[in-house]
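Visitor: Residue numbers (this note's numbering), protein chains in the order written: chain Y, 1 to 300; chain G, 1 to 426. By construction, the Cβ of each residue, glycine as well, lies at the ideal position given by its N, Cα and C atoms. Source: prediction; values computed, not measured.
1. Measuring CB atoms only, is the stretch 78-91 of chain G touching the stretch 373-390 of chain G, in the sense that at least three cross pairs come out at less than 8 Å?
2. With H, G and I counted as helix, E and B as strand and the rest as coil, what does DSSP make of residue 187/G?
3. Which residues of chain G have a Cβ atom closer than 7 Å to the Cβ of residue 167/Y, listed in chain order?
4. Ignore the nearest five residues each way along the sequence and tell me which others in residue 172/Y's own chain have a CB closer than 6 Å to its CB.
5. State the beta-bridge partners of residue 55/G as determined by DSSP.
6. Quick check on the DSSP output: the beta strand (DSSP E) that includes residue 263/G runs from which residue to which?
7. Residue 306/G by DSSP, collapsed to three states: which one?
8. Any C-beta of chain G sitting closer than 9 Å to the C-beta of residue 32/Y?
9. Starting from residue 276/Y, trace the beta strand (DSSP E) both ways and give me its first and last residue.
10. What does a CB cutoff of less than 8 Å around residue 245/G pick up in its chain, not counting 5 residues either side in sequence?
11. Taking the alpha carbon of residue 138/G as the point to measure from, which residue in 324/G, 379/G and 284/G has its own alpha carbon closest?
12. If contact is defined by three or more beta carbon pairs under 8 Å, each pair taking one atom from either stretch, is the stretch 148-156 of chain Y in contact with the stretch 230-245 of chain Y?
13. Is the Cβ of residue 49/Y closer than 9 Å to any Cβ of chain G?
14. To the nearest angstrom, how far is it from the Cα of residue 209/G to the Cα of residue 251/Y?
15. Assess contact between the stretch 300-316 of chain G and the stretch 200-207 of chain G, defined as three or more Cβ pairs (one per stretch) separated by less than 8 Å. Is contact present?
16. Quick one: grab the DSSP three-state call for residue 211/Y.
17. Using C-beta distances below 6 Å, list every residue in its chain close to residue 123/G, excluding the 5 sequence neighbours before and after it, in chain order.
18. Would you kindly check if the distance between the Cβ of residue 33/G and the Cβ of residue 340/G is under 9 Å?
19. For a contact meaning CB atoms closer than 9 Å, what does residue 70/Y contact in chain G?
20. Would you report the Cα separation of residue 141/G and residue 184/G, rounded to the nearest angstrom?
21. Give the DSSP bridge partners of residue 135/G, in chain order.
22. Within 9 Å of any Cβ in chain G, is that where the Cβ of residue 11/Y sits?
23. Examine chain G for any beta-carbon lying closer than 9 Å to the beta-carbon of residue 73/Y, and answer yes or no.
24. For residue 38/Y, which option in 236/Y, 93/Y, 46/Y and 270/Y has the closest C-alpha, if you only look at C-alpha atoms?
25. What are the partner residues of residue 94/Y, as DSSP defines its beta bridges?
26. Do residue 286/G and residue 277/G have their CB atoms nearer than 9 Å?
27. Can residue 161/G and residue 135/G be called in contact, C-beta distance under 9 Å?
28. Which whole runs of the beta strand (DSSP E) in the stretch 350-404 of chain G are 3 residues long or more, in chain order?
29. Please list the partners that residue 265/Y has in chain G, where partner means a Cβ-to-Cβ separation under 7 Å.
30. Straight-line CA distance for residue 40/Y to residue 422/G?
31. Residue range of the beta strand (DSSP E) that residue 224/G falls in?
32. What does the alpha-carbon distance come out to for the pair residue 33/Y and residue 230/Y?
33. Could you tell me which residues DSSP puts in a beta bridge with residue 182/G?
34. Using a Cβ-Cβ cut-off of 8 Å (strictly less than) and excluding sequence neighbours within five positions of residue 408/G, which residues of its own chain qualify?
35. So residue 329/G contacts chain Y; which residues on that side make the cut at Cβ distance below 9 Å?
36. Quick one: is residue 234/Y near chain G, going by C-beta distance under 9 Å?
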C-alpha cells in the first residue's frame, strides 16, 4: 500500500519534470500547427482585406489535390528528397567508414570535412551559382579543358533536365558532412567484441560490414535519414538563390510553391494547405523509415 | 533637488508627447539614399523632425503588409513602389493624399505617369523616382566609324540605337561576337525581370494583359509573337543570361561584354559608377523599340515608379504633406538626384544642372514623353501574382522548351482567370 503511494507520487513528480518541455513543445509546435490547420480552412488573402476572412471548407484542399501542378510539384519534391538523401547516405557512409580509424591528422580531416555544413544554405546557393557559371565557373572551365564542353553547352541551371540534379548535388555537398558525423558517432559506439568473434569465425570484411556494422548502425542511419528527409522536404534557400524555381517549373518544390503562394500571392489559406501537405508527407516519410530501417523499433 | 528632477522629467515627457517625429519608411536602395539627403534640410526649414526605418527590398512589402494587417505599424509616410499602393489602399492602410488640405500645391501636371497613382480619382502616391524599361547601349560602339561602315554594308541602313524591333534584332545580331562581346544582355532567370521582356514586346505589338472587363487576353497573336521574339533575342545573348537577374545583366554590360542591355534606366547609374564600371561615359539610353509600322505612336512602355504615400493611421497628415511638398519640389529633386535618383518631375529632368551630371537624362526624358508609362503589373492587388507568379513561369517554360508559346500562354491565361474569379472580378 505504502509502496503504491510512493510509486504514484514518484510518477506524478515525473510529470512535473517533463512539464517545461511539454510547455515548450506546445508553444513552438502545437500552437503554430493548430493555427496553420485552422488557416488552411479559410479563404484569406492579405492583399484583399476588403474580401475579409471567409470559411473555405475543404476548397483549399480540393484545389490542392485536383490541380495537376500540385502533383507535379510533389513529384519534383520527392525527386529532390530521394536524390539528396540517397547521395548523402551513401557518400556519408563511405566517408564515415574511411574515417573510422585513427590516423595522423584525422582530427584536421574531420574539421575540414565539416566546413560545407557550417556554411549558410544561402551562401551555398551563391557559391554553386558561381561555380556553375558558364562564363567563368571553374567546373565548366574544367569540363571544357577536358573536351567535355558539349555537356554544358546549355548552362546547367537553365537546362530543365539538369537543374534539379545540380540542386541535389549542391544540397548533398552541404549535408554529406552532417550524415558522416552522425554515422561516425554510430560507428564509434559499436563494441569491438562482435568483430573479434567474426575474425575468429573467419568472416570477410564484407561479411563483417553486412552482418555486424550495418545492423548495429541502423539507429544512426535512421536518425540521419529522418533528419535529412525532413530538412530536404522544406528546401527553399538553394532553390531560391540558384534557380528561382526555374527554368520553367523544373525546380519548384513544395516549400517554394508554399513561399510563392504565401509571399507573392499572399494567399494565406491556400499556402497553409500546401504546408499541411508538406507536413503530412514528412510524417509519412518518418513512419516509413522507422518501419524499413528501424524494423518497427522506436529508436527515437 | 528632487522636485527639480521631477519637474525635468515631466517637461521631458510632455515635450516627447508633442514632438513625435514624422516616421518614414523605405527599402534600402539608391533612390532612398538620394531623398535621405533632404531630411536635414526639411527639418531646418519646417522644424518637423523626421526618422526613417529601412528594410531590405526583398521583405519590405512583407513587413508593411504584416505590420498594417496586425495594426502594429508606426509609419506615417511609407516610400513604396507604385505597384503596391492598390493593395494598401483597398485595405485603407494608406490615405488618399489628395484629400489632405493643401495637396493642390503639388503640381501633378509636371509628373509623367501620375494617372497611375490615382484610384477613383484620388491620388494615393506621389512619384519621386520614375524610370522606363528600355535599352542601355554602348555609345562608343554605335559611333565607331568602322562599325558604322560595316553595319551599313551588311544591313543597308545607318547604325543607330534601335528605334524599331527590326533594328533591335539586326543590331543585336551585328554586335554578337562571342565570347568577347554579345549583342544584347537579357534577364532569363525565372522572375519578374524575365516577364519584363515579354511585357514590353506584348505592348509594342499592341497586345495587353487584361481587357477592360479584367479578363486575361495575353494569349493573343501579339502575345505569342512577343514570346517567340523574346526567345529569338536570346540567341544574341550570352548563354549564361538564361539565368541572369537584373544585377547580373548589368554586371555583364558594365564589364564591357555586351553592346546593349535590355534593362531599365537605373542601370545608367551603374554604367557611370567609376568604382565598378569599365564603360564609364560610354553608355546611352533609348526607350524600348516598337514595330516599324508603329513608329511615332504613343505606346505603353514599362514604367517603374517609387513614391511617397501617407498611412491612414498617421496622426499628423499635414506634416506628412509638408514632407511630400518639400521632397518632391523640383530643386530638391535636382539636388538629390546625383546620389542615385531619376527624378519624377519633367521640370527636374529638363534642368540644365541635371543634364550636366547625367548626359543621358535628355534621352530618357524624350522616351518618357513619347510613351504611355505603364506599370509592369496591372494596378490591382492581384497584379504582382499575375506577373511574377504566373507570367514569369510561363515565359520561363517556353524558353526552357518544356511548353510551346501557345500552350505556355494558354495555361497562364487559365491561371489568371481563376485568380480573377477568386478575387471576385467576375
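Guide: Taking the definition as stated:
1. yes
2. Stepping through the second chain from its first residue, residue 187/G is reached at position 187. Residue state, collapsed to three classes: coil.
3. Within the first chain, the letter at position 167 stands for residue 167/Y. Near residue 167/Y there are no residues of chain G at all, since even the closest Cβ is about 13 Å away, more than 7 Å.
4. Within the first chain, residue 172/Y is the residue found at index 172, counting from 1. Excluding positions up to five away in sequence, the list reads 84, 87 and 88.
5. Within the second chain, numbered from 1, the residue matching residue 55/G stands at position 55. BP columns for residue 55/G point to 27/G.
6. On the second chain, residue 263/G is found 263 positions in, with the first residue counted as 1. Here the beta strand (DSSP E) through residue 263/G covers 260-264.
7. Translated into positions along the second chain, residue 306/G becomes position 306. Correct three-state label for residue 306/G: strand.
8. Residue 32/Y sits at position 32 when you count from the first residue of the first chain. Not closer than 9 Å to any Cβ of chain G, the Cβ of residue 32/Y fails to qualify, so no.
9. Along the first chain, read from residue 1 onward, the residue named residue 276/Y stands at position 276. From DSSP, residue 276/Y is part of no beta strand (DSSP E) but of the alpha helix (DSSP H) over 268-292.
10. Along the second chain, read from residue 1 onward, the residue named residue 245/G stands at position 245. Here the set comprises 187, 189, 191 and 193.
11. Working through the second chain from its first residue, we reach residue 138/G at position 138. Cα-wise, what sits closest to residue 138/G is 284/G.
12. no
13. In the first chain, the residue the question calls residue 49/Y occupies position 49. Closer than 9 Å: yes.
14. Locating residue 209/G in the second chain gives position 209, where the first residue counts as 1. Locating residue 251/Y in the first chain gives position 251, where the first residue counts as 1. Distance between the alpha carbons of residue 209/G and residue 251/Y is about 26 Å.
15. yes
16. Translated into the one-based positions of the first chain, residue 211/Y becomes position 211. Residue state, collapsed to three classes: helix.
17. Locating residue 123/G in the second chain gives position 123, where the first residue counts as 1. Sequence-distant partners of residue 123/G (beyond 5 residues in either direction) whose C-beta falls short of 6 Å from its own C-beta, in its chain, are 97, 98 and 117.
18. Here residue 340/G is taken as the residue at index 340 of the second chain, counted from 1. Here residue 33/G is taken as the residue at index 33 of the second chain, counted from 1. Against a cut-off of 9 Å, the Cβ pair of residue 33/G and residue 340/G comes out as a contact.
19. As a first step, residue 70/Y must be located in the first chain, where it is residue number 70. By Cβ distance, chain G contributes nothing, its closest Cβ being about 13 Å from residue 70/Y, past 9 Å.
20. For the purposes of this step, residue 141/G is taken as residue 141 along the second chain, with counting starting at 1. For the purposes of this step, residue 184/G is taken as residue 184 along the second chain, with counting starting at 1. Distance between the alpha carbons of residue 141/G and residue 184/G is about 13 Å.
21. Here residue 135/G refers to the residue found at position 135 of the second chain. Residue 135/G is bridged by DSSP to 262/G and 286/G.
22. As a first step, residue 11/Y is located in the first chain; it is residue number 11 there, counting from the start. Residue 11/Y has a beta carbon lying at 9 Å or more from every beta carbon in chain G.
23. Here residue 73/Y corresponds to residue number 73 of the first chain, with the count starting at 1. Not closer than 9 Å to any Cβ of chain G, the Cβ of residue 73/Y fails to qualify, so no.
24. Here residue 38/Y corresponds to residue number 38 of the first chain, with the count starting at 1. Closest option to residue 38/Y, Cα to Cα, is 270/Y.
25. Taking the first chain and counting its residues from 1, one reaches residue 94/Y at position 94. DSSP lists no partner for residue 94/Y.
26. In the second chain, residue 286/G corresponds to position 286, counting from 1. In the second chain, residue 277/G corresponds to position 277, counting from 1. Their beta carbons are not under 9 Å apart, which means residue 286/G does not touch residue 277/G by this criterion.
27. Within the second chain, numbered from 1, the residue matching residue 161/G stands at position 161. Within the second chain, numbered from 1, the residue matching residue 135/G stands at position 135. Contact: yes.
28. 371-375
29. In the first chain, the residue the question calls residue 265/Y occupies position 265. Near residue 265/Y (Cβ distances below 7 Å), the residues of chain G are 385 and 389.
30. Taking the first residue of the first chain as 1, we reach residue 40/Y at position 40. Taking the first residue of the second chain as 1, we reach residue 422/G at position 422. Going from the Cα of residue 40/Y to the Cα of residue 422/G covers about 16 Å.
31. On the second chain, residue 224/G is found 224 positions in, with the first residue counted as 1. Per DSSP, residue 224/G belongs to no beta strand (DSSP E); it is in the alpha helix (DSSP H), 221-234.
32. For the purposes of this step, residue 33/Y is taken as residue 33 along the first chain, with counting starting at 1. For the purposes of this step, residue 230/Y is taken as residue 230 along the first chain, with counting starting at 1. Distance between the alpha carbons of residue 33/Y and residue 230/Y is about 16 Å.
33. As a position in the second chain, residue 182/G is number 182, starting the count at 1. Paired residue(s): 258/G.
34. The count along the second chain starts at 1 and reaches residue 408/G at position 408. Within the same chain, residue 408/G has close Cβ partners 227, 394, 395, 397 and 398.
35. Within the second chain, residue 329/G is the residue found at index 329, counting from 1. Within chain Y, no residue comes near residue 329/G; the closest Cβ sits about 33 Å away, beyond 9 Å.
36. The residue labelled residue 234/Y in the question sits at position 234 within the first chain. Closer than 9 Å: no.
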